[in-house]
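Participant:
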Amino acid sequence: MEKPGKTISIEEKVKCKVPFGTVSITEQARKLINTALDTTFVTNGKYVKEFEERFAKIFGVKYAVAVSSGTDADALSCATLYDFGAQRGDEIIIPALTFIATANSVFQAGFKPVFVDVERETLNISPDKIEAAITPRTRALMPVHLMGKPAEMDKIRAIAKKHDLRIIEDAAEAHGAEYKGEKIGTMGDMAAFSLYAAHIITTIEGGIVITDNPDIHRALVSLRNHGIENKFDFKRIGFSAKMNEIEAAVGIGNTEIFEEILAKRRKNLLYLIDQFKPFDEYLITLKEADHEKIGPHAFSIIVRQDAPFSKEEFVRYIESKGVDSRNLFYSIPTQCPSYAFLGHKTGDFPEAEYCSDNGTHIGIHQHIESDQLDYVAEVVRDFIKEKIS
Ligand SMILES: Cc1ncc(COP(=O)(O)O)c(C=O)c1O
Numbered sequence: 001m002e003k004p005g006k007t008i009s010i011e012e013k014v015k016c017k018v019p020f021g022t023v024s025i026t027e028q029a030r031k032l033i034n035t036a037l038d039t040t041f042v043t044n045g046k047y048v049k050e051f052e053e054r055f056a057k058i059f060g061v062k063y064a065v066a067v068s069s070g071t072d073a074d075a076l077s078c079a080t081l082y083d084f085g086a087q088r089g090d091e092i093i094i095p096a097l098t099f100i101a102t103a104n105s106v107f108q109a110g111f112k113p114v115f116v117d118v119e120r121e122t123l124n125i126s127p128d129k130i131e132a133a134i135t136p137r138t139r140a141l142m143p144v145h146l147m148g149k150p151a152e153m154d155k156i157r158a159i160a161k162k163h164d165l166r167i168i169e170d171a172a173e174a175h176g177a178e179y180k181g182e183k184i185g186t187m188g189d190m191a192a193f194s195l196y197a198a199h200i201i202t203t204i205e206g207g208i209v210i211t212d213n214p215d216i217h218r219a220l221v222s223l224r225n226h227g228i229e230n231k232f233d234f235k236r237i238g239f240s241a242k243m244n245e246i247e248a249a250v251g252i253g254n255t256e257i258f259e260e261i262l263a264k265r266r267k268n269l270l271y272l273i274d275q276f277k278p279f280d281e282y283l284i285t286l287k288e289a290d291h292e293k294i295g296p297h298a299f300s301i302i303v304r305q306d307a308p309f310s311k312e313e314f315v316r317y318i319e320s321k322g323v324d325s326r327n328l329f330y331s332i333p334t335q336c337p338s339y340a341f342l343g344h345k346t347g348d349f350p351e352a353e354y355c356s357d358n359g360t361h362i363g364i365h366q367h368i369e370s371d372q373l374d375y376v377a378e379v380v381r382d383f384i385k386e387k388i389s
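Quick note: the sequence shown uses my numbering, first residue 1, plus one each step.
1. Look up Met190 in the DSSP assignment and say whether it is helix, strand or coil.
2. Confirm, please, whether the CB-CB distance from Ile93 to Ile130 is below 8 Å.
3. In the DSSP assignment, find the unbroken alpha helix (DSSP H) run with Gly357 in it and report its ends.
4. Lys321 by DSSP, collapsed to three states: which one?
5. Mind checking which residues open and close the beta strand (DSSP E) that includes Ser300?
6. With a 10 Å radius around its C-beta and 16 neighbouring C-beta atoms as the bar for buried, classify Lys385 as buried or exposed.
7. Hey, Ile208 and Ala73: beta-carbon distance below 8 Å or not?
8. For the alpha helix (DSSP H) containing Leu373, list its first residue and its last residue.
9. Quick check on the burial criterion: 16 or more other C-beta atoms within 10 angstroms. Buried or exposed for Gly363?
10. Are the CB atoms of Glu91 and Asn404 within a distance shorter than 8 Å?
11. Would you say Asp90 touches ligand 1, meaning its beta carbon is less than 7 Å from a heavy atom?
12. Return the CA-CA distance between Cys16 and Lys180, expressed in angstroms with no decimal places.
13. Which residues in the same chain as Ile134 place their Cβ atom closer than 6 Å to its Cβ, once the five residues preceding and following it in sequence are excluded?
14. Suppose you measure from the CA of Ala263 to the CA of Arg316; what does that come to, to the nearest Å?
15. Counting pairs of beta carbons, one from the region 233-245 and one from the region 53-60, are three or more of them closer than 8 Å?
16. Decide if Pro278 is buried, meaning its Cβ has at least 16 other Cβ atoms within 10 Å, or exposed.
17. Looking at ligand 1, does it come within less than 7 Å of Val209, judged from the CB to the closest heavy atom?
18. Who pairs with Pro143 in a beta bridge, going by DSSP?
19. So Val379 packs on Val323, CB below 8 Å; how close in whole Å?
20. Measure how close the beta-carbons of Arg120 and Cys336 come, nearest whole angstrom, since I'm counting them as under 8 Å.
21. Return the chain-ordered ranges of every beta strand (DSSP E) run that is complete within the region 36-78 and spans a minimum of 3 residues.
22. Would you kindly report the start and end of the unbroken alpha helix (DSSP H) that includes Phe276?
23. Is any non-hydrogen atom of ligand 1 found closer than 7 Å to the C-beta of Thr80, if you look at the structure I gave you?
24. What does the alpha-carbon distance come out to for the pair His344 and Val118?
25. So, does the region 290-298 touch the region 171-191, judging by three or more C-beta pairs under 8 Å?
26. What would DSSP say about Lys149, mapped onto helix, strand or coil?
27. Give the DSSP bridge partners of Glu292, in chain order.
28. Rounded to a whole number of angstroms, what is the C-alpha to C-alpha distance between Glu11 and Pro19?
29. Tell me, to the nearest whole angstrom, how far the beta carbon of Ile246 is from that of Val65; I am working on the premise that it is less than 8 Å.
30. From this set, Phe383, Lys311, Ala79 and Val48, which residue's C-alpha is nearest Tyr226's C-alpha?
31. Please classify Gly347 as buried or exposed, where buried requires at least 16 other C-beta atoms within 10 Å of its C-beta.
32. Do Ile318 and Ser325 have their CB atoms nearer than 8 Å?
33. Quick check: does the Cβ of Asp170 come within less than 7 Å of any heavy atom belonging to ligand 1?
34. Compute the distance between the beta-carbons of Gly206 and Leu223, then report whether it is under 8 Å.
35. Got a sec? Which residues, its chain only, sit under 8 Å from Phe107 by beta carbon, not counting five neighbours each side?
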């Protein structure tokens, strides 16, 4: 497995024994970057096209459109809805607990996000609560596969079919995940991926949308370039969201080692799930059901209600031992100040709020080895022992 570049100092490495994220930049990518720089073909060009073709091939879909970020991938996906009769201000249903970008992108595209609570055990949108949130202005369901764990797509697809809604998968964190044998990202009308540094396939910054629908593909290509169709025919209110050749070169390198990265992350995930079994009385952690394969982004840990310690104590302890962590996002409508204007109040999304108040996540990426995972388990074991003694 290719090692990460010199991105963190020795001091930081010693301090941080188990870093949250990493990035793989292959030798092939370095060569392509140099070629692009030498020839000065650095904007949206042949490497972007090659990266899109490789990405589409991995997922077995007809089209992939590379853009500047995962947030743009989400926003452009939403904006394609105008091609099918949606009006500004229409609604898109998203989970209350997700990275803020999911909600922001809906607004950026001119729609209103309508939030539905999640399930504490899966972190994903609660399918049984979706129908109550549907109104005559709902145009799409946008499930998020948080941590790379697939949302309940059978139920989501049935609801979308019943109410004639589009499905936009936010697969930002779920490269390589599978649900009942189907690839996540191929189960809706389109799927948006983040290619940010910490993700399984990365272009450092970047995003990509995949679809089998030629009309959605045409809209996406136009939307990423100011809404242009043909030469200077501004057909849509577009974005400036193109990917450049340097980023695409990193992405091409990553497509070469995708299976390797995925396999290593899955090995780490399954190992850590096993290591955390003795802590189940106190911690809810990411689990894989028989019908799914998680495309591991990170490992979520939520402190159970009756545990004899708080999330703050837990996080402070593991961080002090060099285990890097991040908060498990927020209930966007009730815990993010930028969304207060929507008028929701604490308690409206109890499960999302619980996950945020009591949850964290840690790295399980391709540059983490099993001795580091043993170390994580040892740290957690020591902490719990101290708390229950
Ligand atoms: C669920 C989700 N959606 C969207 C995004 C946005 O991606 P980006 O940071 O590439 O804009 C992220 C980022 O990690 C994410 O986790």
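Just so you know, even glycine gets a beta-carbon here, dropped at the ideal spot from N, CA and C. These numbers come from a predicted model, not from an experiment.
Facilitator: On the basis of the supplied data:
1. By one-based count along the sequence shown, residue 190 stands at place 190. Met190: strand per DSSP, three-state reduction.
2. The count along the sequence shown starts at 1 and reaches residue 130 at position 130. The count along the sequence shown starts at 1 and reaches residue 93 at position 93. Result yes, Cβ atoms of Ile130 and Ile93 sit closer than 8 Å.
3. Position 357 of the sequence shown, counted from the first residue, corresponds to residue 357. The identity of residue 357 in the sequence shown is Asp, whereas the question assumes Gly. Residues Pro350 to Asn358.
4. To locate residue 321, count along the sequence shown from 1; it is residue 321. Lys321 falls in the coil class under three-state DSSP.
5. Taking the sequence shown and counting its residues from 1, the one referred to as residue 300 is at position 300. Phe299 to Val303 is the extent of the beta strand (DSSP E) around Ser300.
6. Walking along the sequence shown from the start, residue 385 turns up at place 385. So Lys385 ends up on the exposed side.
7. Here residue 208 is taken as the residue at index 208 of the sequence shown, counted from 1. Here residue 73 is taken as the residue at index 73 of the sequence shown, counted from 1. Cβ distance < 8 Å, so Ile208 and Ala73 count as in contact.
8. Along the sequence shown, one-based indexing puts residue 373 at 373. Start and end: Ser370 to Ile388.
9. Taking the sequence shown and counting its residues from 1, one reaches residue 363 at position 363. That one is buried.
10. With the chain covering 1 to 389 only, the question about residue 404 has no answer from this structure.
11. Within the sequence shown, numbered from 1, the residue matching residue 90 stands at position 90. No; taking the cut-off as 7 Å, the Cβ of Asp90 has no heavy atom of ligand 1 nearer than that.
12. The residue labelled residue 16 in the question sits at position 16 within the sequence shown. The residue labelled residue 180 in the question sits at position 180 within the sequence shown. Taking the straight line joining both Cα atoms gives about 37 Å.
13. By 1-based counting over the sequence shown, the position of residue 134 is 134. Hits under 6 Å: His163.
14. One-based indexing of the sequence shown puts residue 263 at position 263. One-based indexing of the sequence shown puts residue 316 at position 316. When rounded, the distance between both Cα atoms is 31 Å.
15. no
16. One-based indexing of the sequence shown puts residue 278 at position 278. Exposed is the call here.
17. Within the sequence shown, residue 209 is the residue found at index 209, counting from 1. False, no ligand heavy atom lies under 7 Å from that Cβ.
18. For this step, residue 143 is matched to residue 143 along the sequence shown. According to DSSP, Pro143 bridges with nothing at all.
19. Position 379 of the sequence shown, counted from the first residue, corresponds to residue 379. Position 323 of the sequence shown, counted from the first residue, corresponds to residue 323. So it is a contact: roughly 6 Å between Cβ atoms.
20. Numbered from its first residue, the sequence shown carries residue 120 at position 120. Numbered from its first residue, the sequence shown carries residue 336 at position 336. At roughly 19 Å, the Cβ-Cβ gap does not stay under 8 Å, so Arg120 and Cys336 are not in contact.
21. The region 36-78 contains these whole beta strand (DSSP E) runs: 63-67.
22. One-based indexing of the sequence shown puts residue 276 at position 276. Note, Phe276: alpha helix (DSSP H), Phe258 to Phe276.
23. As a working mapping, residue 80 is identified with position 80 in the sequence shown. No, the Cβ of Thr80 stays beyond 7 Å of every heavy atom of ligand 1.
24. On the sequence shown, position 344 is the one that residue 344 refers to. On the sequence shown, position 118 is the one that residue 118 refers to. Distance between the alpha carbons of His344 and Val118: 16 Å.
25. yes
26. Against the sequence shown, residue 149 aligns to sequence position 149. In this structure, Lys149 counts as coil in the three-state DSSP scheme.
27. Sequence index remark: in the sequence shown, residue 292 carries index 292 (1-based). According to DSSP, Glu292 bridges with Tyr179.
28. Sequence index remark: in the sequence shown, residue 11 carries index 11 (1-based). Sequence index remark: in the sequence shown, residue 19 carries index 19 (1-based). For Glu11, the predicted model reports a pLDDT of 48, less than 50, meaning its position is unreliable; a value from the coordinates is still stated below. Taking the straight line joining both Cα atoms gives about 13 Å.
29. Counting from one through the sequence shown, the residue named residue 246 turns up at place 246. Counting from one through the sequence shown, the residue named residue 65 turns up at place 65. Wrong, their Cβ atoms sit about 18 Å apart, outside the cutoff.
30. Within the sequence shown, residue 226 is the residue found at index 226, counting from 1. First, the residue type needs correcting, since residue 226 is His and not Tyr in the sequence shown. The shortest C-alpha separation from His226 is found at Ala79.
31. The count along the sequence shown starts at 1 and reaches residue 347 at position 347. It is exposed - the Cβ of Gly347 has fewer than 16 other Cβ atoms within 10 Å.
32. In the sequence shown, counting from the first residue as 1, residue 318 sits at position 318. In the sequence shown, counting from the first residue as 1, residue 325 sits at position 325. Yes.
33. The residue given as residue 170 occupies position 170 in the sequence shown. At least one heavy atom of ligand 1 is nearer than 7 Å to the Cβ of Asp170, so yes.
34. Taking the first residue of the sequence shown as position 1, residue 206 is located at position 206. Taking the first residue of the sequence shown as position 1, residue 223 is located at position 223. Not in contact: Gly206 and Leu223 (Cβ atoms no closer than 8 Å).
35. By 1-based counting over the sequence shown, the position of residue 107 is 107. Result list for Phe107: Pro113, in chain order.
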